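Just so you know, the sequence shown maps onto residues 30 to 340 in our numbering. Every residue, glycine too, gets a C-beta built ideally from N, C-alpha and C. Computed from a predicted model, the values in this text were never measured in an experiment.
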Amino acid sequence: MALYFSVFLLGSWGFDRYARLKEISASQYALHTLTEIKVLCRNERRGRQAILAAFQRIKELEEKFNYFSPSSELSNINKNAYAAEVKLSPDMHRILEQAVAGSRSTDGAFDITVTPVTRLYGFGTDSRRAPDAPELRQKIQSVGWQNIKLDAEKQTARLLNKDTLLDLGGLAKGYAVDEAVQTLRQHGITDALVNAGGNIYALGLNRGQKWRIGIRRPRAAADSAQIIELNNEACATSGDYEQYFLDASQRRISHIFNPRTGRPANLENGLASVTVIAATAARADLLSTACFVLGEEKSKKIAEKKYFYRN
Numbered sequence: 030m031a032l033y034f035s036v037f038l039l040g041s042w043g044f045d046r047y048a049r050l051k052e053i054s055a056s057q058y059a060l061h062t063l064t065e066i067k068v069l070c071r072n073e074r075r076g077r078q079a080i081l082a083a084f085q086r087i088k089e090l091e092e093k094f095n096y097f098s099p100s101s102e103l104s105n106i107n108k109n110a111y112a113a114e115v116k117l118s119p120d121m122h123r124i125l126e127q128a129v130a131g132s133r134s135t136d137g138a139f140d141i142t143v144t145p146v147t148r149l150y151g152f153g154t155d156s157r158r159a160p161d162a163p164e165l166r167q168k169i170q171s172v173g174w175q176n177i178k179l180d181a182e183k184q185t186a187r188l189l190n191k192d193t194l195l196d197l198g199g200l201a202k203g204y205a206v207d208e209a210v211q212t213l214r215q216h217g218i219t220d221a222l223v224n225a226g227g228n229i230y231a232l233g234l235n236r237g238q239k240w241r242i243g244i245r246r247p248r249a250a251a252d253s254a255q256i257i258e259l260n261n262e263a264c265a266t267s268g269d270y271e272q273y274f275l276d277a278s279q280r281r282i283s284h285i286f287n288p289r290t291g292r293p294a295n296l297e298n299g300l301a302s303v304t305v306i307a308a309t310a311a312r313a314d315l316l317s318t319a320c321f322v323l324g325e326e327k328s329k330k331i332a333e334k335k336y337f338y339r340n
């Protein structure tokens, strides 16, 4: 695991509480994205150890949740949970519980079983295309979070449809960020920023001030549409500007789909991006996807702060 550390000395020689405060950061490609962890502390060694432990925890989760790895725990569920109950690790049981609860609370706008539709459009494969209506109708029959049956007492899962497949891509980054933050806390870190490709948790403060996060303008990567401030909060953004292709009519086909219709959500509601602020990174991750599917009007019932940007 290659980590590249940077250490910056912050503060002045004065006697305020931030004097000699060090900013220690490291980045690694994890969870299919560039993940960065930044901590503020006076002990450089402790900061480095905390970051290493946090990345080790992320790596552990990545190995369990990776849809594309045939040896992952998720792949074992997809292969075997229709035929029989599959025993789950504590992490897998927790994230599946969160996924099912998120589906229930968003009326199915968030759904980790939309995978067959995602693959039909070619996302996660080498070939992307817009399928015809009969193909889509056939694939959508296996979509539905109700096909996931969890047993809390036995810590097992069953899939009730033989064609149902789970993909944790809409939740895994947020869950892993939360676990990384918990690891930092266990190592005595009180101020830090964890960013997994835009899934962010801001722990504590940045030298006494809230962490300032720029929300990207969807069609201008170098431009911030808005600056938000976080303190022991998370934010996540879902958008149509990174994973997409243009169909024969030059329509932008994004990777986020309405689980009910199988259509790209951006074509249904005209949204380019949604950013959600929530108490945990997992919740922000889940709800940014759900709000992108629901659209601005239907998302009003969700209490968290939301920022919508259109084409």
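query: Where residue 220 sits in the DSSP three-state scheme; result: coil
query: Residue of 287, 274, 338, 215 minimising C-alpha distance to residue 152; result: 274
query: Pairwise C-alpha distance: residue 249 and residue 186; result: 42 Å
query: For residue 204, the nearest candidate out of 172, 126, 162, 173 (CA to CA); result: 126
query: Pair within 8 Å by beta-carbon distance, residue 332 and residue 263; result: no
query: Those runs of the alpha helix (DSSP H) which lie wholly inside the region 270-299 and span at least 4 residues; result: 294-298
query: Residues bridged to residue 65 [DSSP beta-bridge criterion]; result: 56, 224
query: Beta bridge counterpart(s) of residue 180 as assigned by DSSP; result: 185
query: The region 232-245 contacting the region 156-176, beta-carbon criterion three pairs below 8 Å; result: no
query: Contacts around residue 281, its chain only, beta-carbon distance under 7 Å, and the 5 residues preceding and following it disregarded; result: 269, 273, 275, 295
query: Where the beta strand (DSSP E) containing residue 242 begins and where it ends; result: 240-246
query: C-alpha distance - residue 253 paired with residue 202, whole-angstrom precision; result: 22 Å
query: Cutoff 6 Å; reference residue 230; Cβ partners in own chain excluding five residues on either side; result: 206, 210, 223, 263, 310
query: Through-space distance from residue 163 to residue 146, alpha-carbon basis; result: 12 Å
query: Where residue 317 sits in the DSSP three-state scheme; result: helix
query: Segment limits, alpha helix (DSSP H) that includes residue 147; result: 144-149
query: Contact set for residue 321: own chain, Cβ-Cβ below 7 Å, skip 5 residues either direction; result: 267, 285, 294, 300, 303
query: Where residue 44 falls, given that 16 or more other Cβ within 10 Å makes a residue buried; result: Any reading at residue 44 needs caution, since the residue's pLDDT is 41, under 50, leaving its predicted position unreliable; the model's value is listed next. Under this definition residue 44 is an exposed residue.
query: Simplified DSSP state of residue 255, which is helix, strand or coil; result: strand
query: Residue 93 in three-state terms, based on DSSP; result: helix
query: Whole-angstrom distance between residue 49 and residue 103, CA atom to CA atom; result: 45 Å
query: Segment limits, alpha helix (DSSP H) that includes residue 126; result: 119-134
query: Three-state secondary structure (DSSP) of residue 191; result: coil
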